[in-house]
Amino acid sequence: MLTLTSPAHAGRSAGKTDTPNISGQYIYNRFEHLNLETKYQAFPFKAGFFRHATGHNIIATLPCNTQTCGNNLVITAHYDHLGGQPTSYYAGANDNASGTSALLYLAELLNNKTRNRSVTFVATDAEEKGLYGAKYFVSQLKATDIALNINLDMLAPTSKNRVYVLHSKHTSNALSILKTLPKPDFNLRIANSRYKMQRMMDNPRIDWHRASDHYAFAKARIPYIYFGIGEDKNHHTKRDTITAINFERYQLVVNFISDFIVKLLDSPLEATN
Ligand SMILES: [Zn+2]
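To convert, note that position 133 of the sequence shown is 133 in full-length UniProt numbering; the numbers rise steadily by one, no gaps.
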């Protein structure tokens, strides 16, 4: 998280250059060092009325390593943020260096675990501009090959210590595995609809069904489970820096999500489909 929020990364703005930016390159190298099959996926997006830009997703794959393999699990986290200059920029620590760092951590962890399906890690670009990276990723594959999307966006709890799980239909088996985990040391709130999630939040302005990359999967009828803290007063301000992050709470959330995914990939396939 330190690297992604550093001045050299200057807020990880999407589409400033036609080649992957320093943040994209950093994520690519991290996946490569783990010996994952890694690639850039370039895509066009509209960066304004007249300007067309190029974004870059980073896609890394861990193959299934059991005898029978189920459909793919796709884990997403957007790495882009609002940009700025090295002297003054939007660090986007919670949004979404927190999710991107968790994605990298999961790639390392799952490398040595049982995987009853192949796992695709996607660090998406241009999410802040309109979920462009996730939309393009989904457009390039057969939706029927994907069992589930797990999307990570803003994982460091505020003082309220809340974490929301918003999920679509056809996730009940995965959720029953989630519910077998020991009760976490944070307030876990599970919502099966945007309305339920809005009722659970103090500030129900955001429609979280549409607010992050999982929406691109939902539109293609791919089931999703979204993890995030939902509301953060520092969201999209220059105060969203690592000094505002409570790393102890963040670590608990990452551990919980990791335990869930490890168990999901190690359970009998018929229980996770
Ligand atoms: Zn975000």
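By construction, the Cβ of each residue, glycine as well, lies at the ideal position given by its N, Cα and C atoms.
By DSSP's criteria, residue i is part of a beta bridge. Which residues make up the other side?
{"i": "residue 306", "result": "The displayed coordinates of the chain run from 1 to 273. Any statement about residue 306 would go beyond what the structure contains."}
{"i": "S88", "result": "Q85"}
{"i": "N192", "result": "Answer is none; N192 lacks a bridge partner."}
{"i": "L62", "result": "V119"}
{"i": "F227", "result": "L152, V165"}
{"i": "T38", "result": "A60"}
{"i": "H214", "result": "Paired residue(s): none; H214 is not in a bridge."}
{"i": "H78", "result": "T124"}
By DSSP, does residue i sit in helix, in strand, or in coil?
{"i": "T68", "result": "coil"}
{"i": "E127", "result": "coil"}
{"i": "H170", "result": "coil"}
{"i": "K16", "result": "coil"}
{"i": "I261", "result": "helix"}
{"i": "T237", "result": "coil"}
{"i": "Y105", "result": "helix"}
{"i": "N94", "result": "helix"}
{"i": "H209", "result": "coil"}
{"i": "L269", "result": "helix"}
{"i": "L73", "result": "strand"}
{"i": "A147", "result": "strand"}
{"i": "K183", "result": "coil"}
{"i": "K219", "result": "helix"}
{"i": "T5", "result": "coil"}
Any heavy atom of ligand 2 closer than 6 Å to the Cβ of residue i?
{"i": "N96", "result": "Of the ligands this structure carries, namely ligand 1, none is ligand 2."}
Using alpha carbons as the reference points, say which of the options lies closest to residue i.
{"i": "N71", "options": "I242, H236, I222", "result": "I222"}
{"i": "S146", "options": "K129, T120, N161, A126", "result": "First, the residue type needs correcting, since residue 146 is Ile and not Ser in the sequence shown. The shortest C-alpha separation from I146 is found at T120."}
{"i": "Y224", "options": "I257, Y215, D232", "result": "Y215"}
{"i": "T54", "options": "T76, A126, E108, N116", "result": "A126"}
{"i": "Y226", "options": "S168, Q198, K183, S258", "result": "S168"}
{"i": "V163", "options": "T241, C69, A60, V254", "result": "V254"}
{"i": "A143", "options": "Q85, C69, T76, A220", "result": "A220"}
{"i": "residue 295", "options": "K238, V262, H236, L131", "result": "Residue 295 is absent from the model: the chain starts at 1 and stops at 273."}
{"i": "L178", "options": "E231, F260, V165", "result": "F260"}
{"i": "R117", "options": "D240, N65, S258", "result": "N65"}
{"i": "K16", "options": "E32, F43, M154", "result": "F43"}
{"i": "G228", "options": "T5, N96, F50", "result": "N96"}
{"i": "L152", "options": "K183, F247, L106", "result": "L106"}
{"i": "A47", "options": "D232, S101, D18, N29", "result": "D18"}
{"i": "S6", "options": "D240, D213, K113", "result": "D240"}
{"i": "S267", "options": "M200, T180, F247", "result": "T180"}
{"i": "S139", "options": "L252, D213, S159", "result": "D213"}
{"i": "A211", "options": "M154, I245, P184", "result": "M154"}
{"i": "N246", "options": "K238, S159, T237, S258", "result": "S159"}
{"i": "S98", "options": "V262, Q251, L265, L264", "result": "Q251"}
{"i": "S101", "options": "V262, L264, S258", "result": "S258"}
{"i": "A77", "options": "P86, A134, N173", "result": "A134"}
Counting only the same chain and skipping the five closest in sequence on each side, list residues whose C-beta sits under 6 Å from that of residue i.
{"i": "H81", "result": "G11, R12, Y90, G92"}
{"i": "F137", "result": "N57, V122"}
{"i": "I59", "result": "K39, Q41, V122"}
{"i": "L166", "result": "A191, M197, W208, Y226"}
{"i": "G230", "result": "Y164, M201"}
{"i": "P204", "result": "Q198"}
{"i": "residue 296", "result": "Any answer about residue 296 is impossible in this case: the structure gives the chain only from 1 up to 273."}
Residues in the same chain with beta-carbon distance under 7 Å from residue i, minus the five sequence neighbours each way, listed in chain order, please.
{"i": "N111", "result": "L34, L62"}
{"i": "V74", "result": "T120, V122, I146, N149"}
{"i": "R249", "result": "A156, P157, N161, F186"}
{"i": "L2", "result": "I242"}
{"i": "R30", "result": "L104"}
{"i": "L36", "result": "A60, T61, L62, A107"}
{"i": "H235", "result": "D95"}
{"i": "A244", "result": "A93, N234"}
Could you pull out every residue in the same chain whose Cβ sits closer than 8 Å to the Cβ of residue i, ignoring the five residues on either side in sequence?
{"i": "T68", "result": "N116, L269"}
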